[in-house]
């Protein structure tokens, strides 16, 4: 069980202990056996999370584990054995403070990857990369990867950092706002990587390359920085308002399908108040309503997937050159 610590009266993160013997309020009848399929890889991820936690504590930044990393902490109290990266999230205001702190205070072994630090970065999600490493995905051809001649992108071990912005799902204007954030994102990515022809690679179907090429032609008339600034203005629209909406979502990773967007909308307090959970021997903040969050994302999250789906699918080069 979770021991109450009066966090309902706190305006910041209320950290209480998460009891590893329970999951979603019920004792698990069977221990989930999902040992790491690459212990060195997952040890490196855990090291990165510990360093991020120390940075956030030192700067009084409220963050929490997210997605599969949150699932591992709640269901197994460790990183899931086939997880390919780690995920954390925070509110936009915390994210704006996090970025300069991470740039200036994290050790040199890390690279903070975003579209401002790497021109060939195609993702809108900021990533912390471990220098000197590279993840190689099984079955992925080099030409379809994020590396092409003259346009190399860092592919080291990663922790994804998701900023959550205010949304308004209860009004037509708010739903239009979310639709725009989700559906304009592919055009932004196309403009960001069009020069490298990554999204129009030879491995793509001809019809896809034709549509991408046609869409890219008008986009190339506008400087990338202007398009990025416009999209940032869009995703932070409700976050900049004085009155909170009561709901938040990670708009830079929002799915285009409306039925997939709704489970990713969270109440504001879910990002404000945390409890502590374990990954191995280390404690990290989790959303206080972790059961609701995980149920929305994964359904019956207590049950692991079939063994046939428990595949890491990558190898890691620990002697890569940046």
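Residue numbers (the UniProt record's numbering): 1 to 322. Positions of the beta carbon are idealized from the N, C-alpha and C atoms, including for glycine. The structure displayed is predicted, hence computed values, not measured ones.
1) For the alpha helix (DSSP H) that contains residue 127, what are its first and last residues?
2) Cutting at 7 Å between CB atoms, please list the residues of its own chain near residue 55, excluding the five before and the five after it.
3) Check for me: the beta strand (DSSP E) holding residue 313 runs from which residue to which?
4) Would you mind giving the Cβ-Cβ distance between residue 80 and residue 71, rounded to the nearest angstrom? I have them listed as a contact below 8 Å.
5) Nearest to residue 73 by alpha carbon, out of 128, 287, 308?
6) Is the CB-CB distance between residue 164 and residue 67 below 8 Å?
7) Sort 213, 206, 254, 113 by Cα distance to residue 180 and report the nearest one.
8) Answer yes or no: do residue 284 and residue 266 have a C-beta to C-beta separation smaller than 8 Å?
9) Could you tell me which of 211, 182, 308, 282 sits nearest to residue 124, measuring between CA atoms?
10) In whole angstroms, what is the alpha-carbon distance linking residue 277 and residue 216?
11) The beta strand (DSSP E) with residue 166 in it runs from where to where?
12) Please classify residue 274: does DSSP put it in a helix, a strand, or coil?
13) Please look up how many angstroms separate the CB atoms of residue 245 and residue 166, rounded, as I've assumed it's under 8 Å.
14) So what does DSSP say about residue 136, is it helix, strand or coil?
15) Could you spell out where the beta strand (DSSP E) holding residue 113 opens and where it closes?
16) What three-state label does DSSP hand residue 302 in the structure shown?
17) Kindly list the residues whose CB is nearer than 8 Å to the CB of residue 51, restricted to its own chain and excluding five residues on each side of it in sequence; keep chain order.
18) Could you tell me the boundaries of the beta strand (DSSP E) in which residue 66 lies?
19) My understanding is that residue 315 touches residue 136, with C-beta atoms under 8 Å, so please give their C-beta distance in whole angstroms.
20) Rounded to whole angstroms, what's the CA-CA distance from residue 212 to residue 190? Just pull it up for me.
21) Cutting at 6 Å between CB atoms, please list the residues of its own chain near residue 310, excluding the five before and the five after it.
22) Between residue 92 and residue 236, which are expected to be in contact by the criterion C-beta below 8 Å, what is the C-beta distance as a whole number of angstroms?
23) Assign residue 154 to one of two classes, buried (16 or more other C-beta atoms within 10 Å of its C-beta) or exposed (fewer than that).
24) Buried or exposed for residue 243, please, with buried defined as at least 16 other CB atoms from any protein chain shown within 10 angstroms of its CB.
25) Please identify the residue among 63, 127, 188, 186 whose C-alpha is closest to the C-alpha of residue 97.
26) Apart from the five residues on each side of it in sequence, which residues of its chain come closer than 6 Å, Cβ to Cβ, to residue 49?
27) In whole angstroms, what is the alpha-carbon distance linking residue 178 and residue 234?
28) Identify, in the order they occur along the chain, each residue of the same chain with its Cβ nearer than 6 Å to the Cβ of residue 114, setting aside the five sequence neighbours on each side.
29) Please classify residue 318 as buried or exposed, where buried requires at least 16 other C-beta atoms within 10 Å of its C-beta.
30) What is the DSSP secondary structure of residue 43, reduced to helix, strand or coil?
31) First and last residue of the alpha helix (DSSP H) that includes residue 235?
32) Helix, strand or coil for residue 255, going by three-state DSSP, please let me know.
Taking the coordinates as given:
1) Translated into positions along the chain shown, residue 127 becomes position 127. That residue, residue 127, is in no alpha helix (DSSP H); its beta strand (DSSP E) goes 126 to 130.
2) Along the chain shown, one-based indexing puts residue 55 at 55. If we look at residue 55 and ignore the five residues flanking it on each side, its Cβ neighbours are 101, 102, 105, 106.
3) Here residue 313 corresponds to residue number 313 of the chain shown, with the count starting at 1. Careful: residue 313 lies outside any beta strand (DSSP E) and carries neither H nor E.
4) Position 80 of the chain shown, counted from the start, is the residue given in the question as residue 80. Position 71 of the chain shown, counted from the start, is the residue given in the question as residue 71. At roughly 7 Å, the Cβ-Cβ gap stays under 8 Å, so residue 80 and residue 71 are in contact.
5) The count along the chain shown starts at 1 and reaches residue 73 at position 73. The residue with the shortest Cα to Cα distance from residue 73 is 287.
6) Sequence index remark: in the chain shown, residue 164 carries index 164 (1-based). Sequence index remark: in the chain shown, residue 67 carries index 67 (1-based). Their beta carbons are not under 8 Å apart, which means residue 164 does not touch residue 67 by this criterion.
7) Along the chain shown, read from residue 1 onward, the residue named residue 180 stands at position 180. The residue with the shortest Cα to Cα distance from residue 180 is 254.
8) For the purposes of this step, residue 284 is taken as the residue at position 284 of the chain shown. For the purposes of this step, residue 266 is taken as the residue at position 266 of the chain shown. Not in contact: residue 284 and residue 266 (Cβ atoms no closer than 8 Å).
9) For the purposes of this step, residue 124 is taken as the residue at position 124 of the chain shown. Per the Cα distances, 182.
10) The sequence position of residue 277 within the chain shown is 277, counting from 1. The sequence position of residue 216 within the chain shown is 216, counting from 1. Approximately 45 Å, taken between the alpha carbons.
11) The sequence position of residue 166 within the chain shown is 166, counting from 1. Per DSSP, residue 166 belongs to the beta strand (DSSP E) from 158 to 167.
12) Counted from its first residue, the chain shown places residue 274 at position 274. Residue state, collapsed to three classes: strand.
13) If you number the chain shown from 1, residue 245 lands on position 245. If you number the chain shown from 1, residue 166 lands on position 166. About 5 Å; that satisfies the 8 Å criterion.
14) Taking the first residue of the chain shown as 1, we reach residue 136 at position 136. It is a strand residue.
15) Residue mapping note: residue 113 aligns to position 113 of the chain shown, counting from 1. Its beta strand (DSSP E) spans residues 110 to 113.
16) Taking the chain shown and counting its residues from 1, the one referred to as residue 302 is at position 302. Here residue 302 sits in coil by DSSP.
17) For the purposes of this step, residue 51 is taken as residue 51 along the chain shown, with counting starting at 1. Correct list, in chain order: 106, 107, 110.
18) Position 66 of the chain shown, counted from the start, is the residue given in the question as residue 66. Residue 66 -> no beta strand (DSSP E), and no H or E assigned at all.
19) For the purposes of this step, residue 315 is taken as residue 315 along the chain shown, with counting starting at 1. For the purposes of this step, residue 136 is taken as residue 136 along the chain shown, with counting starting at 1. Yes, residue 315 and residue 136 are in contact; Cβ-Cβ is about 5 Å, under 8 Å.
20) Residue 212 sits at position 212 when you count from the first residue of the chain shown. Residue 190 sits at position 190 when you count from the first residue of the chain shown. So the two alpha carbons sit approximately 7 Å from each other.
21) Sequence index remark: in the chain shown, residue 310 carries index 310 (1-based). 82, listed in sequence order.
22) Translated into positions along the chain shown, residue 92 becomes position 92. Translated into positions along the chain shown, residue 236 becomes position 236. Correct: roughly 6 Å between the Cβ atoms.
23) Residue numbering aside, residue 154 sits at position 154 when the chain shown is read from its first letter. Classification of residue 154: buried, given that the 10 Å Cβ count is 16 or more.
24) Looking up residue 243 in the chain shown gives position 243. Residue 243 should be labelled exposed.
25) The residue you call residue 97 lines up with position 97 of the chain shown. That would be 63, whose Cα lies nearest to the Cα of residue 97.
26) Start at 1 with the first residue of the chain shown, and residue 49 comes out as number 49. Excluding sequence neighbours, residue 49 sits near 86.
27) Within the chain shown, residue 178 is the residue found at index 178, counting from 1. Within the chain shown, residue 234 is the residue found at index 234, counting from 1. For residue 178 and residue 234, the distance between alpha carbons rounds to 9 Å.
28) One-based indexing of the chain shown puts residue 114 at position 114. Counting only Cβ-Cβ distances below 6 Å, and skipping sequence neighbours, we find 126.
29) Locating residue 318 in the chain shown gives position 318, where the first residue counts as 1. So residue 318 ends up on the exposed side.
30) Start at 1 with the first residue of the chain shown, and residue 43 comes out as number 43. Three-state result, residue 43: helix.
31) As a working mapping, residue 235 is identified with position 235 in the chain shown. Note, residue 235: alpha helix (DSSP H), 224 to 235.
32) Translated into the one-based positions of the chain shown, residue 255 becomes position 255. Residue state, collapsed to three classes: coil.
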